[in-house]
Amino acid sequence: MSPRAGNAGPHTLAFVESPVQLLNVLEWAHAHAPGVGLTLVVLSPVDPMTRGQLRRMSDLARDEGHQVRWEEARGGPLAPFQTIGGLSGLLRRARRVVLGDPFSRYVQLLLTITRARDLVVVDDGTATMEFVGQLARGERLVRWHRKGGRPGPRDVVFAPVSASARRRLTPGERRHIEIFSSMPMEETPAGVTVRPNTFAWTRTRFGPPRITKGADMVGTSLVETGVVDDGRYLEAVHALATAHGATRYFAHRRESTDKLHRLAAATGLEIVRPELPLELIARRGPIGRTVLSFPSTVVHTLPLALSGTEVRVAVCDIDPAWLTENASPRAQGFLSGVTGTARDVHRLSPTAPTPAPNPVTPTSPSGPTDPAPFTATPPSAGLVGPAAS
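The structure is reproduced here in structure tokens:
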């Protein structure tokens, strides 16, 4: 076991479902629980890209002295019952629970079992901003890109569990709630302790990076979540890459392979599938002197992770014309707020799309026979592990 942490045990239990959540648990432990070993439970998703990043992040967690318990939480119809049953003892004994996604139905179910008096919510990207606002306003927990739509049958069935989870995430005489975040908080719920995530662990363990002269782009899953039109997105990426001389595109883990192939063919960008969260990839380097992004978590986290370097983060607003007809009425205001509250970033206005050479229609899975390549950032020493399992 690493001397960086003490004996891991049942006292602090953390649940994560994404690589970013796991990273932020490590940041929280570094900042506020030094020397305390966690029992870190990975509720594994089915997506291979996410699983691969979680495997590598789990290796980093073990290097820090934490115990990692990998749960095939979605490995079949009986998996949720087996997972929850297997974790019930740990949950009842835990004095503190750290979680990354209060909107997760899995996490909400687990919250109904725990007796922990200390609950810590770490960042799950920009969703944390919405969670804090909903908690402050006493609203039901709904992800921002779904807000405004009618609840589905599953929402209705699950409503009692969601309401119970929300009550457990509300501070009281015998319950302390902490939010550990790098996101701006316009509304802070009464009685909730908010602690800043400065990415001190990331800066301590990695870098400083080698900085290249060019520009890199950061991808987003706004198309996959139904917020932004596919064709408009490809046009916007091409326009930005042309205007700023970008050569690499760091794909979001949820971006579809089909979309990325079409994007590479239409823009000539090299598509990179990161093996770790972008904050770690950027800190390890090499990274472009300018990093281009659309409204997303990285416009808040990258300036912190790259503090002390010469890298500039530039964010392009989402033009309302890019939104799909099914986008939540909340989408435009939320995305604008993500950009407007970001510090230490350069704000770009949406540019008029430039027709891409050899354009590929959004609905066509095919493209030129020799599109720009897909690559993966090579893991550094000690990070080698299976891409998925």
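Taken in order, the sequence shown gives residues 101 to 489; the numbers are from the numbering used here.
We put the CB at the ideal spot given by N, CA and C, even for glycine.
Asked                                                                                                                                                              : Found
Would you be able to state if there are at least three C-beta pairs under 8 Å between the region 275 to 289 and the region 351 to 370?                             : no
Report all residues from its chain with a CB closer than 7 Å to the CB of residue 400; omit the five preceding and five following residues, and keep chain order.  : 282, 283 and 442
Per DSSP, what kind of secondary structure is residue 409 in: helix, strand or coil?                                                                               : coil
Classify residue 166: buried if its beta carbon has 16 or more other beta carbons within 10 angstroms, exposed otherwise.                                          : buried
By DSSP, does residue 231 sit in helix, in strand, or in coil?                                                                                                     : helix
When DSSP builds the beta bridges, which residues end up paired with residue 367?                                                                                  : DSSP output for residue 367 lists no bridge partner at all.
Taking 8 Å as the threshold (C-beta atoms), are residue 121 and residue 200 in contact?                                                                            : yes
Buried or exposed: which applies to residue 124, given that a residue is buried once 16 or more other Cβ atoms fall within 10 Å of its Cβ?                         : buried
My guess is that residue 375 and residue 302 are in contact by the Cβ rule of under 8 Å, so how many angstroms apart are they, rounded?                            : Residue 375 to residue 302, Cβ: 15 Å. No contact.
Assign residue 132 to one of two classes, buried (16 or more other C-beta atoms within 10 Å of its C-beta) or exposed (fewer than that).                           : exposed
Once DSSP output is grouped into helix, strand and coil, what is the label at residue 374?                                                                         : coil
What does the alpha-carbon distance come out to for the pair residue 450 and residue 394?                                                                          : 10 Å
Does DSSP put residue 260 in a helix, a strand or coil?                                                                                                            : helix
Closest to residue 230 by C-alpha separation, out of 309, 222 and 241, would be which residue?                                                                     : 241
How many angstroms separate the CA atom of residue 269 from the CA atom of residue 292?                                                                            : 9 Å
Do residue 377 and residue 309 have their beta-carbon atoms positioned less than 8 Å apart in this structure?                                                      : no
From the DSSP output, read off the bridge partner residues of residue 349.                                                                                         : 317 and 371
Between which two residues does the alpha helix (DSSP H) carrying residue 184 extend?                                                                              : 179 to 193
Tell me which residue opens and which closes the alpha helix (DSSP H) that residue 305 is part of.                                                                 : 300 to 305
Tell me residue 280's beta-bridge partners as DSSP assigns them.                                                                                                   : 222 and 295
For the candidate residues 126, 299, 147 and 142, whose alpha-carbon lies nearest to that of residue 354?                                                          : 147
Can you check which of these residues, 170, 136, 157 and 164, is closest to residue 142 by C-alpha distance?                                                       : 170
DSSP three-state call for residue 493: helix, strand or coil?                                                                                                      : An answer regarding residue 493 cannot be provided, because it is not within the stretch 101 to 489 covered by the chain.
Out of 300, 339 and 128, which one is the CA nearest neighbour of residue 219?                                                                                     : 128
Return the first residue and the last residue of the alpha helix (DSSP H) that residue 269 is part of.                                                             : Where residue 269 is concerned, there is no enclosing alpha helix (DSSP H), given that its DSSP letter is neither H nor E.
Which residue or residues does DSSP assign as beta-bridge partners of residue 171?                                                                                 : 143
If you draw a straight line from the C-alpha of residue 161 to the C-alpha of residue 144, how long is it?                                                         : 15 Å
Output the distance between the C-alpha atoms of residue 351 and residue 260, rounded to the nearest integer angstrom.                                             : 37 Å
Spell out a yes or no on whether the region 395 to 414 and the region 307 to 326 are touching, meaning 3 or more CB-CB pairs, one atom from each, closer than 8 Å. : yes
Can you grab the Cα-Cα spacing for the pair residue 154 / residue 117, in whole Å?                                                                                 : 8 Å
Let me make sure I understand the geometry here. Which of 296, 424 and 448 has the alpha-carbon closest to that of residue 333?                                    : 424
Should residue 152 go down as buried or exposed, given a rule of 16 or more other Cβ atoms within 10 Å for buried?                                                 : buried
With residue 241 as the anchor, note down where its beta strand (DSSP E) starts and where it stops.                                                                : No beta strand (DSSP E) holds residue 241; DSSP gives it neither H nor E.
Given this structure, state the Cα-to-Cα distance separating residue 196 from residue 298, to the nearest angstrom.                                                : 22 Å
Starting from residue 162 and walking both ways along the alpha helix (DSSP H), at which residues does that stretch end?                                           : 148 to 163
Please name the residue, chosen from 339, 330, 193 and 396, that lies closest to residue 113 on a Cα-to-Cα basis.                                                  : 193
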